[in-house]
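Read in order, the letters of the sequence shown are residues -22 to -1, 1 to 507 in mature numbering (1 follows the signal peptide of the UniProt record, and there is no 0). Idealized CB from N, CA, C, for every residue including glycine. In this text the structure is predicted, and so the values were computed from the model without any measurement.
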Amino acid sequence: MELKHVFLLPILFAAALYTEDGAVVQLTEANFATEVLNSEDFWIVEFFAPWCGHCQKLAPEYEKAAESLKGIAKLGAVDMTKHGVVGNPYSIQGYPTLKVFYTDKKNPQEYSGGRTAKSIVNYVLKQLGKEVEDEEPEPSNAPLYTEDGSIVHLTEANFATEVLNSEDFWIVEFYAPWCGHCQKLAPEYKKAAESLKGIAKLGAVDMTKDGLVGTPYNIQGYPTLKVFHTDKKNPLDYSGGRTAKSIVNYVLKQLGKEPETSKSALVEEEVYVLTDDNFENIVKQSKDVWLIDFYAPWCGHCKSLAPEFAKAAAELKGQVKLGKVDVTENTELAEKFKVSEYPTLKIFPPENKEEYEAFINARSSDVIVKTALEKLDSYGVSIPISQFTKLEVLQKNCEKNVCIIGFLPHIYDSSAEERNRYLEVFQELVKKNRGKPISFLWAQAGDHYKFEQMVGVGMGYPAVIAISLPKSRFALMRAAFSMQEVNSFVNKILIGGVSLQEFKELPKIAEVEAWDGKDKQPEYRSEDL
């Protein structure tokens, strides 16, 4: 169904995200040291690319936060497509990346808050020991919708013609510009309207200007949403959620169409939308393996493949990147890669992207995943094993999959060479278990003592556990650490052949320093001797 693609396409135009006269400071090679490193101000710095969909989504929230924090902290942004040298010392792996420069400017922290203006503001206030905001946004009388946007402006002059006398399915919002809940709904309502183009119409009545429109419908508060469909004289109360996805699914259900499931909505986000303009930056300059679907919107086989391709993208996340190219709009790419039938799948190796190959004519996610992983092995690509340094790492890797965590001897009791041998075992385990719902992490012994206590890890290292965060269960491997034993443990976990224990909640997990890959000796102070 075409709606799924429309709803989740990021807008990938390479326009500037911030203006020079805005609240967000534009940082470059010329001013970064002066503005940030040599100042005493609290800084959050965003490293971004203009074509990045997540950066575009963050931009208005980041701008709002910068306005709110004037006189308290500074927010800056580095366009990595122009000033990539600025980000080199900070190991920027993706966009947007936010770093906090405060007490130790040479070693900035990772920003760990949310991506809304309020979350950013509260994070800064908390770091500075100030009182955190919890109030509603400051009232504003500015209009919530522009006349050239996807939301139809409804007034006393056009309401009957547009809504009552039409055959379209309408959702109409009755609102006031100063209403905090209306302001919160507005961006979601706009997204829903964009997604529903050609299916239903979304309109809005500013009750401070056109209050007579709402009189027949007994509007008691703002926002009130009414559904005008089969009986336009007696509209229904809208009973869905207040997110774009909830609104879209409500409309589809009312019209007897297939609603977007939470799973399909999630996996769609993992498919990159590639164009003539962004292909060079996103694909050719990356070191990732790419599988790309060249399709035409009118093609029936392409429509059938789309949800399977999206599922495969979710399963291959972190291993192979999946993208799609609409050949009807991106003719340069279609010509360059000699695409003559649809859909056409091509796979691109990690190094020389000119050595791309035709991919099998797969139509199921299982076959796509299996074949892509085989190609990954043939390219000799190894997947780095993340170190469990903080709670967010655990949550990110273990929110869906079962996690296998290896607790390796402390570097003081070991060596870099020995630790790398253990990690090589994990690398082989990743290869053996590609395509399975398993993630691998490692932690340094003693870094998360309370967590180790919870899962029964004693003083013997290396130790291995399996943990499921969604089910609050874990299992401890009771065998020597070896490729054979750990792989056997993984297989037993997958088939339910291991006794599991439950836990109520995770203990407090402090953030620890990531290993730098080097040997390390304990530092002794003279007073300790």
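If distances are taken between C-alpha atoms only, which option among the options comes closest to residue i?
i: A51; options: I98, A336, V317 and I270; result: I98
i: E(-3); options: F467, E377, D57 and G49; result: D57
i: V464; options: R451, P440, K104 and N16; result: P440
i: F20; options: L47, L5 and Q34; result: L47
i: L283; options: N330, I346, K331 and P328; result: I346
i: G234; options: F147, E166 and F467; result: F147
i: E166; options: L122, Y357, A291 and E396; result: L122
i: K84; options: V442, R93 and P67; result: P67
i: K410; options: E18, K314 and D355; result: D355
i: F257; options: F326, Y200, N100 and L103; result: F326
Once the 5 residues before and after residue i are set aside, which same chain residues still bring their CB inside 6 Å of it?
i: K299; result: D266 and W268
i: S224; result: G218
i: Y425; result: According to the sequence provided, residue 425 is Asp. The question's Tyr does not apply to it. So the qualifying residues of the chain are V490.
i: V305; result: F272, A274, A312 and V317
i: L190; result: E134
i: F467; result: M455
i: V261; result: W268
i: V403; result: M461
Going by beta carbon distance, what residues of the same chain come within less than 8 Å of residue i, once the five residues before and after it are set aside?
i: T309; result: D254
i: E377; result: L447 and P448
i: Q365; result: V371, L419, W420, A421, Q422, A492 and W493
i: C33; result: L(-6), E24, F26, A27, Y73 and P74
i: I338; result: L323, V345 and T349
i: Q87; result: K77, V78 and Y80
Would residue i pass as a contact of residue j if the rule is Cβ separation under 9 Å?
i: T6; j: V78; result: no
i: C30; j: Y80; result: no
i: A363; j: F418; result: According to the sequence displayed, residue 363 carries Ile and not Ala. It is a contact, given that the beta carbons lie within the stated cut-off.
i: F206; j: V130; result: no
i: D188; j: L132; result: yes
i: P485; j: Q405; result: no
i: Y89; j: I197; result: no
i: K302; j: Y250; result: yes
i: V433; j: I445; result: yes
i: K169; j: A222; result: yes
i: V435; j: F385; result: yes
Can you tell me whether residue i is buried or exposed? The criterion is at least 16 other CB atoms within 10 Å of its CB, across all chains shown.
i: T202; result: buried
i: A492; result: exposed
i: G107; result: exposed
i: L372; result: buried
i: D391; result: exposed
i: T75; result: buried
i: L351; result: buried
i: A336; result: exposed
i: L163; result: buried
i: P213; result: buried
i: L252; result: buried
i: G192; result: buried
i: D209; result: exposed
Residues in the same chain with beta-carbon distance under 7 Å from residue i, minus the five sequence neighbours each way, listed in chain order, please.
i: L401; result: I363 and W420
i: V2; result: Y(-5), Y40, E41, A44, L53, G54 and A55
i: P500; result: Y390
i: C280; result: Y273, A274, Y320 and P321
i: P328; result: K265, D266, V267, Y357 and V359
i: R220; result: L163 and E166
Please go through the segment 194 to 231 and give each complete beta strand (DSSP E) segment of 3 or more residues, from N-terminal end onward. As far as the segment 194 to 231 is concerned, its whole beta strand (DSSP E) runs of at least 3 residues are 202 to 206.
What ranges does the alpha helix (DSSP H) occupy inside the segment 366 to 428, keeping only unbroken runs of at least 4 residues that lie completely in it? For the segment 366 to 428, whole alpha helix (DSSP H) runs of length 4 or above, ordered along the chain, are 369 to 376 and 394 to 410.
Report the residue ranges of all beta strand (DSSP E) runs contained in full by the segment 420 to 479; include only those spanning at least 3 residues, in chain order. The segment 420 to 479 contains these whole beta strand (DSSP E) runs: 441 to 446 and 451 to 454.
What runs of the beta strand (DSSP E), each 3 residues or longer, lie entirely inside the segment 37 to 107? With a minimum length of 3 residues, the continuous beta strand (DSSP E) runs that stay inside the segment 37 to 107 are 52 to 57 and 75 to 79.
So within the segment 134 to 206, which uninterrupted alpha helix (DSSP H) runs reach at least 4 residues, ignoring any that extend past its ends? Taking only runs of at least 4 residues, the alpha helix (DSSP H) segments lying wholly in the segment 134 to 206 are 158 to 173 and 189 to 192.
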